Structure formats: structure tokens, C-alpha cells
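Notes to accompany the following structure.
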Amino acid sequence: TVSSRVLDFRSDRVLELAKSFATPQYEIGVLRVGVSLDGYFALSRAYNWQIIILSVGLLGLVSLVVLNARSRRHRQELTQEVSRIKSLTDTIFEQMRVGIAAIDDVGVVRLLNREAEAILDVSHAEGRAWKDIAAGPELSLDPFLSSGQQSSEAELNWRAGGRSRELLVARSKVRYDDSSGGAVVVVMYDITSLKKYERDAVRRERLSEMGNLAAGVAHEIRNPLNTISIAVQRLATEFTPTRDPEEYQGFTQKIR
């Protein structure tokens, strides 16, 4: 409902209308509209009592109708805008290829997008304890909270749902309320494919280096062997021993 009162504000008499509202960002709020009553009092001094009563009644009725209509239209516009922004935000949040989780100051999951659910192999995790859905020392928040750091990053191996993943996990402390102890936002990047590409690249580089080394070794071995082969061919064709020619030919053949 709309509450109203008349009060003095900066030496003016003001009619104030108040209406409570709530949004996902602000759980409790009040919409206040103030209308100066100077015009009303000016009219009341210009007309007789009968006209004043009639005018006041009509003016008050029209003012309330107009204000109520404007207030209602404004509320509808605000509601539609909030719904549109929330729908867009939820769509982006759910379709991100990065796992995002928000954990409050008592360790309860408040937000968890679709990618994070796939990484952790859970569903409907909002409202549950983080230590229950991310059991294990890899994703525990206790070391991070006790370290005093505002943010941290680490690469780790995570196994869930029969699948092993390599994750880059970033943790950050945030404050969403002055009266609370803050929350932790955990961002999880699945870098399994990236790590595989890195290992493949290192392997290809090592194979290339081994190929270059083998080619260099083969070249260094081939040069003296060619020299020996040429020398033996010359010995076999250009020189004739004075005795034991068959044994001489056998030796040169063995050397080749």
C-alpha cells in the first residue's frame, strides 16, 4: 500500500507518498514522492470556503490519481527493466565457458553456473555447503581464507564424474554487505586441452631436436666412412700386391 503524510520540508508544507519495494539487489527499499502544497494554499486564499473545499477535493483526487498512475507506470517500467537485465545477466552467467561460484561468509554456495556444475559434477548446489560439493583439499577455501590474501591463482588436477581435468582456479574475496564478513568468488578455467596442446608442442619440439641431432651425428659418421670407402676402392683398383693378392682383396672387401 501507499502511505502518506504532510510535513514541513525546507519551510514548505509537503505531501509525501511512500511505497515499499524490493529487488534482487536491494532487499528492502522505499519509493518516496513529495509534492509541495504551496499551490493548494494559494488557491485556498483566493476562493471562498465552498470553492476551496470543492477545489481541494478535486485537486486532491486528481493529484492522487495522477501520482498513483505515474507511480504505477514507473513501477511497471522499473519491473520490466529489472526483469530484462536479470534475464540477460542470467543468460550470460549460465552460458559462460568458465565455472563461477560465489560462496558466502559461512561457506554456503549462493551462485553456481552451469559450467561450474559440470566441472564439479553436481546439480542444484545453491544453498549447500561448498565443502560438500567440492570435497577434497584441491578446492578447499580454508588455506586461502587463512592466508590473508585478497586473491590467489593455482593450477590443480581435479577428478569428478569419472573425468580428470586440469584447472586454473582463481579465488577472490569480495564484500557484498558492510555488515557481513564477505564472500569468496571462485573462478575455474578448464585448461585440460590447453595443457595437452602444450605437451604436444614440447614433444614435437623434442622430436625435432632429436631429428636434428641424429642428422648431425649421421653426417659426422658418414664423412669418415666415405673417406675410408674411397681409400679402400682405390687400394682395390689401383694397387696390386706382389704376393697374396687374394688375401689382399679379402682385406679390402672387409674394410669396405
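Here the sequence shown is numbered in the numbering used here, starting from 578 and rising by one per residue. The C-beta atom is built at its ideal place from N, Cα and C for all residues, glycine as well. Please read all numbers here as calculations on a predicted model, not as lab measurements.
Okay, do the region 667-679 and the region 630-642 touch, 3+ Cβ pairs below 8 Å being the bar?
The answer is no - the region 630-642 does not touch the region 667-679, with fewer than three Cβ pairs under 8 Å.
Could you check whether A693 and M787 sit closer than 8 Å to each other, using their CB atoms as the reference points?
M787 places its beta carbon 8 Å or farther from that of A693.
Helix, strand or coil at R705 according to DSSP, with G and I counted as helix
Reduced to three states, the DSSP call for R705 is coil.
Beta-carbon proximity list for S581, same chain, < 8 Å, skipping 5 on both sides:
The beta carbon of S581 sits closer than 8 Å to the beta carbons of L592, E593, L594 and A595 from its chain, once the five residues preceding and following it are set aside; these are given in chain order.
Identify every run of the beta strand (DSSP E) within the region 657-737, keeping only runs that are complete inside it and at least 3 residues long; order them along the chain.
Runs of the beta strand (DSSP E) inside the region 657-737: 676-680, 686-689 and 728-737.
Nearest to E743 by alpha carbon, out of K772, D719 and V610?
Measuring from the Cα of E743, the nearest candidate turns out to be K772.
Is the shortest distance between the beta-carbon of E743 and the beta-carbons of chain C less than 8 Å?
Any reference to chain C falls outside this structure, which holds one protein chain only.
From A731 to S660, what does the alpha carbon distance come to, in whole angstroms?
Whole-angstrom Cα-Cα distance: 37 Å.
For L644, collect the residues of the same chain with a Cβ closer than 8 Å to its Cβ; drop the 5 residues on either side in sequence, then sort them by chain order.
Within the same chain, L644 has close Cβ partners L594, V610 and V612.
Pull up the distance between the alpha-carbon of E824 and that of A795, whole angstroms please.
Approximately 32 Å between the Cα atoms of the pair.
Unbroken alpha helix (DSSP H) run spanning D821, endpoints
Careful: D821 lies outside any alpha helix (DSSP H) and carries neither H nor E.
Three-state secondary structure (DSSP) of L614
Under the three-state reduction of DSSP output, L614 falls in the coil class, being neither helix nor strand.
Taking 8 Å as the cut-off, decide whether the C-beta atoms of E767 and I677 are in contact.
Reading the sequence as shown, one finds Asp at residue 767 and not Glu. No, the pair does not count as a contact, with Cβ atoms beyond the cut-off.
Nearest-angstrom Cα separation, counted from L655 out to V746
C-alpha separation (whole angstroms): 37 Å.
Exposed or buried, I805, counting other C-beta atoms within 10 Å across all chains shown (16 or more means buried)?
I805 counts as exposed, since fewer than 16 other beta carbons sit within 10 angstroms of its beta carbon.
Candidates A706, T578, R833 and Q672: closest to I680 by CA position
Nearest C-alpha to I680: A706.
To the nearest angstrom, how far is the alpha carbon of V683 from that of V579?
V683 and V579 have their alpha carbons spaced roughly 37 Å apart.
Local conformation of A795 per DSSP, three classes:
Collapsing the DSSP output to three states places A795 in a helix.
Is the beta carbon of S729 less than 8 Å from the beta carbon of R748?
Taking 8 Å as the Cβ cut-off, S729 and R748 qualify as a contacting pair.
For Q672 and S588, what's the separation of their Cα atoms in angstroms?
Distance from the CA of Q672 to the CA of S588, rounded to the nearest whole angstrom, comes to 55 Å.
Could you give the residue range of the beta strand (DSSP E) that holds R748?
From DSSP, the beta strand (DSSP E) with R748 extends over R740 to V751.
Within the continuous beta strand (DSSP E) that includes R590, where are the two ends?
Element bounds for R590: D589 to F598.
Is it buried or exposed for V583, if we count other Cβ within 10 angstroms and need 16 for buried?
Counting Cβ neighbours within 10 Å, V583 comes out exposed, since fewer than 16 surround it.
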